[in-house]
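Numbering follows the working numbering, with no gaps: position 282 of the sequence shown is 282. In this text, a Cβ means the ideal position worked out from N, Cα and C, and glycines have one as well. These numbers come from a predicted model, not from an experiment. Here is the structure we will look at, set down as structure tokens.
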Amino acid sequence: MAPKAREKAKPAAAAAAPAVAIEDLFTSLNRHIQRSEYDLAVKVSDQVLSIAPGDEDAIRCKLVALIKNDSIDDALSSIQEFSKKTSIDFSFFKAYCLYRQNKLDEALESLKGQEGNSAIMLLESQILFRLGKMDACVDIYQKLQKSKIDSLEINFAAGLVSAGRASEVQGTMDTLRVKPTSSFELAYNVACSLIERNKYKDAEQMLLSARRIGQETLMEENLADDDIEIELAPLAVQLAYVQQVLGNSQEAFESYSSIIKKNLADESSLAVAISNLIAIKGPKDVSDGLRKLDKLIEKGEGPLTFHLARGLDLKLSQKQREAIYVNRMLLLLHSNKLDQARELASALPGMFPNSIMPVLLQAAVHVRENKANKAEEILGQFASKFPDKSKIILLARAQIAAAAGHPQIAAESLLKIQDIQHKPATVATIVSLKERAGDIYGADAVFDSAIKWWSNAMAEDNKLDVIMQEAASFKLRHGKKDEAARLYEELVKTHGSIEALVGLIQTAAHTDIQKAESYEKQLKPFPGLKGIDVESLEKTSGAKNTENAPAAGIPEAYEPKNKEKTKKKRKRKPKYPKGFDPANPGPPPDPERWLPKRRGLVIGPRERIRERFKSEVLRVQLLKRLPATLAQNQTKPPTLKEPLRQAQSKPSLLRSPGRNPGIS
């Protein structure tokens, strides 16, 4: 019976063996997780699940290990598999995996209906931050203030800056009772808030403090120098940006170049440094800038799809991504690569639907292609569709239309901008454009509208007098003398302007002489003109030429005795050629030394003999042609002048040897 009893005890021992094995496996699993050996942690989790398929701790450990190992697809597959076999809620893990895959809307949908614990609220705030819904993100952080969450102030400050509420950062730090220099991450975010408020000097000091604190903190954690440099790369890039904004372009250029040469593992900081360096260089070295940006931008599978390389779409904010694409677009335009520019411009509206930059770049491409009408059309359509974003669009449309010779379209674009249409500079521009278009009545209406607006305005710096002065001058110039006189008269009564009084006199002189004379009496007399008789001046025939005549009766202008005498310029000594003695100059140089001999006046012995021979031959030929009586009396002066003129003209052409145009 005893052996049988021992045989019955075997199942109990066999049941105890798996329990011990699971404990050992969990011990090994914990050790692998502590050492960040996530591949081994996944294998051990599978071993535990093979023994206990429904163990919730093993499932969670496996999912966390897969996520930590960046195996997001495997984690989602495991979630789908375990959801069918168990009743465990994996919504949080699924939402986080979708967030890591940048499927933000699906991730947010997965969190709906979940209990509002701190972990879920933090993940929701991160998703909203990535979606650009900054106000909703900040609202969640405000709800989490009472929760004891480590480093909440860092994300809170980042959310406020991204939401355009940088002015609230300091107040939030005071509420949380946290110093900006409590950590280098918080100091960095506070510096970003100072940059948003245009306090660049304060931001520079805060960034320097953040760098010092970061170096001390990371050195205490025994990080290697390379790892410390990677951790502090965002601070270095932001500090270079502040230097760039402050006008220290050379220092910023060197900082960006140094960061790019180091080729740090921080891809986002490297991308921002490349983009900012290209902005500093501008149109210089376009090919190098395009090569750098081509490494950051990749073309997708679709016809009009682009994305950033190395996962930068998930690491950069929307503004940073847009800046990279815009810089590449501008470089393509500068290098005249219009096909690539047109392709990228067509893709940008879908990538950044809430931005105005894509439509501006599309218009720039059309302008480069000499299609100003098309550019004006797309800008006008965008302004009509999005009135709240139309100000910059309409300004660009006005500039393009004015440059293309379409002044009426330019004026209409400016008139649609309610914020600036009444300002003096805008009024002057619109009136000038209307005049160029020949729309005098439209220009006059612009002045009337501006006068009406400033008359009802309660602004401290009222520009009514400036507008009325220009309007009166415009009306007078275009023949509306009555309206001009009314404006001038109102200016004189309200502002007492001398310019308006002069304009009023000039205007009234055309219509009402008595009124002009009455206003003329209000002008102050010009000093020195009391003894001048106007009637005698009118009877004079005109001014006499007194250029060389002495100025009799006109006293010379008074010159003070202590007037400084003008310094006389010293005459410089002439420069002579090397070796030339001006005291013994020697014979003068030959003026024809550089002329060919056949063109010179000096003839050598050989040329002189040749000339004498030719003249004798010519003389014999002429004697044969003349009558015999003239040949016998050749020593006497001839009575015929015409043959003598011909005989003298031909030898004079024989000075140049080899040329004999006079002999037939």
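Determine, using beta carbons only, whether alanine 341 and leucine 332 come nearer to each other than 8 Å.
If you check the CB distance, alanine 341 and leucine 332 come in under 8 Å.
Check whether the Cβ atoms of valine 359 and isoleucine 324 sit closer than 8 Å, and answer yes or no.
no
What residues match up with isoleucine 297 in a beta bridge as DSSP calls it?
Answer is Leu308, bridged to isoleucine 297.
Nearest-angstrom Cα separation, counted from aspartate 448 out to lysine 503:
A small fix is needed here, since residue 503 is glycine in this sequence, not lysine. Rounded to whole angstroms, glycine 503 to aspartate 448 spans 18 Å at the Cα level.
Taking the C-alpha atoms as reference points, what is the distance between leucine 29 and alanine 158?
Approximately 36 Å, taken between the alpha carbons.
Quick check on the burial criterion: 16 or more other C-beta atoms within 10 angstroms. Buried or exposed for glutamine 145?
exposed
Could you name the residues of the same chain whose beta carbon sits closer than 6 Å to that of lysine 292, not counting the 5 residues immediately before and after it, in chain order?
Hits under 6 Å: Ile274.
Beta-carbon gap between alanine 383 and serine 390 smaller than 8 Å
Going by C-beta atoms, alanine 383 is nearer than 8 Å to serine 390.
Since glutamate 267 contacts arginine 310 with CB under 8 Å, what's their CB separation in whole angstroms?
5 Å
So which of Glu343, Ala224 and Lys281 has the shortest CA-CA distance to alanine 252?
Lys281
For valine 64, which three-state DSSP category applies?
helix
Look at valine 42 and alanine 65 and say whether their C-beta atoms are less than 8 Å apart.
yes
Would alanine 233 and serine 269 qualify as a contact pair, given that the criterion is a beta-carbon distance under 8 Å?
yes
Among Val44, Arg35 and Ser36, which one has its Cα closest to the Cα of aspartate 24?
Val44
Between the Cα of serine 91 and those of Asp73, Gln114 and Gln101, spot the shortest distance and give me the residue it belongs to.
Gln114
Using 8 Å as the threshold, is the segment 478-485 in touch with the segment 449-465, meaning 3 or more CB pairs across them?
no
Isoleucine 140 and serine 125 - do their beta-carbons sit closer together than 8 Å?
yes
Apart from the five residues just before and just after arginine 711, which ones in its own chain have a Cβ nearer than 7 Å to its Cβ?
This structure leaves residue 711 out entirely; the chain is present only between 1 and 664.
Please tell me whether serine 78 and lysine 62 are closer than 8 Å, where the distance is taken between their beta carbons.
yes
Can you tell me whether DSSP reads alanine 265 as helix, strand or coil?
coil
From methionine 121 to arginine 100, what distance separates their C-alpha atoms?
16 Å
Could you give the distance in angstroms between the alpha-carbon of asparagine 263 and the alpha-carbon of serine 71?
26 Å
Chain-order list of residues whose beta-carbon lies under 8 Å from that of methionine 357 (same chain, five-residue window excluded):
Glu322, Val326 and Leu348
Which residues in the same chain have their Cβ closer than 8 Å to the Cβ of glycine 54, if we skip the five residues on either side of it in sequence?
Lys85 and Thr86
Where does aspartate 74 fall in DSSP's three states?
helix
Residues of its chain near leucine 108, where Cβ-Cβ distance is below 6 Å and the 5 sequence neighbours each way are ignored:
Ile127
In three-state DSSP terms, what is alanine 403?
helix
Distance, Cα to Cα, alanine 483 vs glycine 405?
Looking at the sequence shown, residue 483 is not alanine but glutamate. Taking the CA atoms as reference points, glutamate 483 sits about 31 Å from glycine 405.
With DSSP collapsed to three states, give me the class of histidine 32.
Histidine 32 carries a helical assignment under DSSP once its states are collapsed to helix, strand and coil.
Looking at glutamate 56: is its Cβ nearer than 8 Å to the Cβ of isoleucine 22?
no
Indicate whether at least one CB of chain E lies closer than 8 Å to the CB of histidine 307.
The chain labelled as chain E is not found in the depicted structure, where only one protein chain is given.
Could you give the DSSP three-state label for tyrosine 188: helix, strand or coil?
In the three-state DSSP reduction, tyrosine 188 falls in the helix class (H, G or I).
Selection from Leu314, Ala271 and Ser317 that minimises the alpha carbon distance to lysine 295:
Ala271
Rounded C-alpha distance that separates lysine 319 from serine 50
48 Å
Compare the Cα-Cα distances from threonine 172 to each of Ser317, Ser147 and Phe156 and report the closest residue.
Phe156
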